[in-house]
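Novice:
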Amino acid sequence: MEQKKIYEVAVYLRKSRDDTDGEEDVLLKHETALTDFVKKNNWRYVIYREIGSSDSIDFRPEFKRLLKDVENDFYDAVVVMDYDRLSRGDKEDRARVEKILKLSNTLVVTPTRVYDLNDEDQELITDIEGVFARYEYRMIKKRFQRGKKIGARLGHWTNGPAPFPYLYNSEARSLEPDPEKLDIYNFIKQRLLSGATCAAVCWELNRMGVPSPKGKLWQESVLYRLALNEVHLGRIVYGKTSGGLHKNRKTAPFRVNPRENWVIVENAHPAVKTPEEHAEILKLLEQRRIQSKRTRHGTYVYSGLVYCGKCGSSRQFQPKDNGTLLVKKCQKIDPYGNRCGNPGADLVHIELAVMESLRDYEEEIRSKPIQTSDSPDMTPQMVLKLKETELETLHEGLNRLKDIYVSGDLTKQEYRTRLGHQKDLIMKKENDIQQLKETLQVGGPISDQDRLQRIEQLQEVWKQLDCMPEEKNRLLKQIIERIEYVRDNYRIDVRVKFR
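Residue numbering for the sequence shown follows full-length UniProt numbering, beginning at 1 and increasing consecutively.
Below, the structure written as structure tokens:
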């Protein structure tokens, strides 16, 4: 069988799990080798770089883009370092890749050989190589996990970046305290032992200008996890969890393993706190832990609408003995420990201001000149319908373009140019449709006539004494986006933002 002529190729670069250098170094070496290879053969090429090692196609965006381009017959071949760079995934992923390569009659080329999946003999060899590649991948993964476990038992640090306040010593493969960070850690430890809360220590650190381990402001959750970390006792703990929550990789379900299954190695590195200090910190933190509330008051008329005009946080309500509601004082605390302190207020004062703003808003709408155009403005739903019809037309044009190319009326370069232009139009139209759908989901934009109808409906419901608060709340949210208030002694300023 005569081999297909190669003129245009896609160069696919992907880091593999068993590559030992840094990601960028590996990709750079492969890119240099493959570009030299294609230049030697005088092939025109486009590079697809994949930073990541997921075995699933769904989590490899560059490879998904490459498959689409291959499916559209952009290239004569795909050039890779090894055939298994295309897929070490499951059988479905492998079959999906091979189907696209077959239908588009696209070759796979490595520096050592050419794969033609439409050649039955080569297809059999490829299948056998695929089985071995998948087996090799599993063995690499197994050896990697076993190596981490053995390393942990030997006292080597194998759990990723060094935790605060340690540095990683690559020669000893162990942790050692960073003197500057150790001073900060000792300050945190002593403040917790003296009875300070995690929140209070965070405020002190932020006021002192001390950055968190990730260079940001200290948060209570970050410091709480730091206080509980057993690594500070000189221990290495491995196997606390299994599975994962990776966004870019298929993994087993995440779960916390029983402590008896952990690998715990004592005296693996210098300790920065004693067991007695650790136990005392645990005791103090447990005593201060606030139990979560199990009750819920239900929905009030203004639930989810009232916000603090100083800090922007959502406000809560407190029922009073006389049956009225109080907007509670703002207790929001900034990262430096400063409390907002916007005083509370009887809801009735805010409600009066809202009703007055609503009347002014209604008068403003009614005072606008009436449009006298021959045709009424299109509603957002009508615009969405029109754009969806236009998108269907664009997709039909894409199919017609492929038919013209297959019939030989277009050269490959003309086809690629017009195809790219058509795809750009489709992408823009899809973005317009998505944005319009999101806008409709949050209730806007709406016409002035719709606004007036909503206001009239709210006024009718408001007169009904037996109407549930949930219904009033629903109608208010159709008209009002948020209500902000600021209280200064007896003065209350209320700002209403309408939809």
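C-beta atoms are modelled at their ideal positions from N, C-alpha and C, and glycine is treated no differently.
1. So S174 is in the beta strand (DSSP E); what residue range does that whole segment cover?
2. Taking the C-alpha atoms as reference points, what is the distance between N267 and E470?
3. Classify M81: buried if its beta carbon has 16 or more other beta carbons within 10 angstroms, exposed otherwise.
4. Should L66 and Y45 be called a contact, given that it needs their Cβ atoms to be closer than 9 Å?
5. For the putative contact between G234 and P270, defined by C-beta atoms under 8 Å, what is the C-beta separation to the nearest angstrom?
6. Does the distance from the CB of I333 to the CB of Y302 come in under 9 Å?
7. Measuring alpha carbon to alpha carbon, tell me which residue in N118, A33, Y12 is nearest Y83.
8. When the Cα of N399 is compared with those of G341, L419, P258, which residue comes out closest?
9. Note down the Cα distance separating I433 from L326, rounded to an integer number of angstroms.
10. Span of the beta strand (DSSP E) holding I480?
11. Taking K385 as the reference, which of K4, L458, K181, K429 has the closest Cα?
12. Can you have a look at D321 and say buried or exposed, based on whether 16 or more other CB atoms are within 10 angstroms of its CB?
13. Go ahead and pull the three-state DSSP assignment for E460.
14. So, under 8 Å CB-CB, R207 and G337 are touching, yes? Tell me the CB distance rounded to an integer number of Å.
15. Counting beta carbon pairs with one atom in the region 271-283 and one in the region 456-467, are three or more of them shorter than 8 Å?
16. Considering only C-alpha positions, which residue in the set I6, V97, K102, Y238 is nearest to T158?
17. With a CB to CB cut of under 6 Å and the five nearest residues on each side skipped, what residues in its chain are close to residue 506?
18. For the beta strand (DSSP E) holding R14, just list the boundary residues, first then last.
19. If you run the structure through DSSP and keep just helix, strand and coil, what is E230?
20. Work out the CA separation of I236 and V265 for me, nearest whole Å.
21. Pick helix, strand or coil for R451, following the three-state DSSP scheme.
22. Just to confirm the assignment, what range does the beta strand (DSSP E) spanning V46 have?
23. For P258, count neighbouring C-beta atoms within 10 Å of its own C-beta (all shown protein chains included) and say buried if the count is 16 or more, exposed if not.
24. Can you tell which of N261, E484, E260 has the C-alpha that lies nearest to the C-alpha of A353?
25. By Cβ distance, which residues of its chain are closer than 8 Å to K387, with the 5 residues on each side in sequence left out?
26. For the putative contact between L192 and L284, defined by C-beta atoms under 8 Å, what is the C-beta separation to the nearest angstrom?
Specialist: On the basis of the data shown:
1. Taking the sequence shown and counting its residues from 1, one reaches residue 174 at position 174. Run containing S174: 174-177, per the beta strand (DSSP E) assignment.
2. Here residue 267 refers to the residue found at position 267 of the sequence shown. Here residue 470 refers to the residue found at position 470 of the sequence shown. If I take the Cα positions, the gap works out to 60 Å.
3. Counting from one through the sequence shown, the residue named residue 81 turns up at place 81. M81 should be labelled buried.
4. On the sequence shown, residue 66 is found 66 positions in, with the first residue counted as 1. On the sequence shown, residue 45 is found 45 positions in, with the first residue counted as 1. Not a contact, by the Cβ cut-off of 9 Å.
5. For the purposes of this step, residue 234 is taken as the residue at position 234 of the sequence shown. For the purposes of this step, residue 270 is taken as the residue at position 270 of the sequence shown. Right, the Cβ-Cβ distance comes to about 6 Å (below 8 Å), so this counts as a contact.
6. As a position in the sequence shown, residue 333 is number 333, starting the count at 1. As a position in the sequence shown, residue 302 is number 302, starting the count at 1. The answer is no: Cβ separation not under 9 Å.
7. Taking the sequence shown and counting its residues from 1, the one referred to as residue 83 is at position 83. Closest option to Y83, judged by alpha-carbon separation, among N118, A33, Y12: Y12.
8. Reading the sequence shown from its first residue, position 399 is the one you call residue 399. N399 has its Cα closest to that of L419, out of G341, L419, P258.
9. Walking along the sequence shown from the start, residue 433 turns up at place 433. Walking along the sequence shown from the start, residue 326 turns up at place 326. Going from the Cα of I433 to the Cα of L326 covers about 43 Å.
10. Your numbering for residue 480 matches position 480 in the sequence shown. Counting along the chain, the beta strand (DSSP E) containing I480 begins and ends at 480-488.
11. As a position in the sequence shown, residue 385 is number 385, starting the count at 1. Selected option, being the one with the closest Cα: K429.
12. Walking along the sequence shown from the start, residue 321 turns up at place 321. Classification of D321: exposed, given that the 10 Å Cβ count is below 16.
13. In the sequence shown, counting from the first residue as 1, residue 460 sits at position 460. DSSP places E460 in helix when its eight states are reduced to three.
14. Along the sequence shown, read from residue 1 onward, the residue named residue 207 stands at position 207. Along the sequence shown, read from residue 1 onward, the residue named residue 337 stands at position 337. Sure, about 7 Å apart at Cβ, within 8 Å.
15. no
16. Position 158 of the sequence shown holds residue 158. Looking at the Cα atoms, Y238 is the closest of the given residues.
17. The question about residue 506 has no answer here: the residues shown for the chain are numbered 1 through 499.
18. If you number the sequence shown from 1, residue 14 lands on position 14. In the DSSP assignment, R14 falls within the beta strand (DSSP E) that extends over 8-14.
19. Working through the sequence shown from its first residue, we reach residue 230 at position 230. If DSSP states are grouped into helix, strand and coil, E230 belongs with the helices.
20. Taking the first residue of the sequence shown as 1, we reach residue 265 at position 265. Taking the first residue of the sequence shown as 1, we reach residue 236 at position 236. So the alpha carbons of these two residues sit roughly 5 Å apart.
21. On the sequence shown, residue 451 is found 451 positions in, with the first residue counted as 1. Of the three classes helix, strand and coil, the one that applies to R451 here is helix, per DSSP.
22. Position 46 of the sequence shown, counted from the first residue, corresponds to residue 46. Its beta strand (DSSP E) spans residues 44-50.
23. What you label residue 258 is simply residue 258 of the sequence shown in a count that begins at 1. With fewer than 16 Cβ atoms within 10 Å of its Cβ, P258 is classed as exposed.
24. Taking the sequence shown and counting its residues from 1, the one referred to as residue 353 is at position 353. Answer by Cα proximity: E484.
25. Here the question's residue 387 lines up with position 387 in the sequence shown. Around K387: K429, D432, I433, L436.
26. Here the question's residue 192 lines up with position 192 in the sequence shown. Here the question's residue 284 lines up with position 284 in the sequence shown. The beta-carbon separation of L192 and L284, rounded to 7 Å, stays under the 8 Å limit for a contact.
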